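In the working numbering, the protein residues as written are 1 to 187. To start, the structure itself, in structure tokens.
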């Protein structure tokens, strides 16, 4: 795990072009030959780092969501956990941006990214179905549209926080995001 965490930190601070087996070896205080024993090249190392970041995000989301039961609590938790993850694992969030970039040109990552986004939209859709039982009934197309819109909006808020000189704190950004979601759903 040391090698992967060092890779994540190098990718987050140096980017893909400047992250090398040597820089990861230096950051992890492990000989380059030891890294090559596990990963034959930096592409394999990057692949492992991406998968590690994705698995970590998934674990954090699942743990947070399991603690809530009502649809409104689940919706709030879904918004909260994204920003809590960005705060607790900022280097992972930055590597996730690199993963998005790779997804635009590499079919393997595009496929993984498509599956991840579909799973996220499905989670949101299930939450919205629960809310719809208590409020107004939403059609299947409305559920799909709202789910996609909420997911894209939350990703956008996180992206803005990570990539701009926004003057809003992460907590304020999270509050804004939740406010927009509530307004969209008329809650």
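Heads up, the beta-carbon is just placed ideally off N, CA and C, and yes, glycines get one too. Model, not experiment: these values are computed from the prediction.
Assigned secondary structure, residue 67 (DSSP; H/G/I helix, E/B strand, else coil) = coil
Own chain residues within Cβ distance below 8 angstroms of residue 22, not counting five before or after = 32
Should residue 104 be labelled buried (16 or more other beta-carbon atoms within 10 Å of its own) or exposed?
-> Counting Cβ neighbours within 10 Å, residue 104 comes out exposed, since fewer than 16 surround it.
Between the Cα of residue 95 and those of 133, 50 and 148, spot the shortest distance and give me the residue it belongs to.
-> 50
Residues in its own chain within less than 6 angstroms of residue 138 by CB, not counting five upstream and five downstream?
-> 132
How big is the Cα-Cα spacing for residue 6 and residue 30?
-> Whole-angstrom Cα-Cα distance: 10 angstroms.
With hydrogens ignored, establish whether the beta-carbon of residue 58 is closer than 8 angstroms to any heavy atom of the ligand NAP.
-> Questions concerning the ligand NAP fall outside what the structure shown contains, since it holds no ligand whatsoever.
Thinking C-alpha only, which one of 112, 87 and 167 is nearest residue 99?
-> 112
Where residue 187 falls, given that 16 or more other Cβ within 10 Å makes a residue buried | exposed
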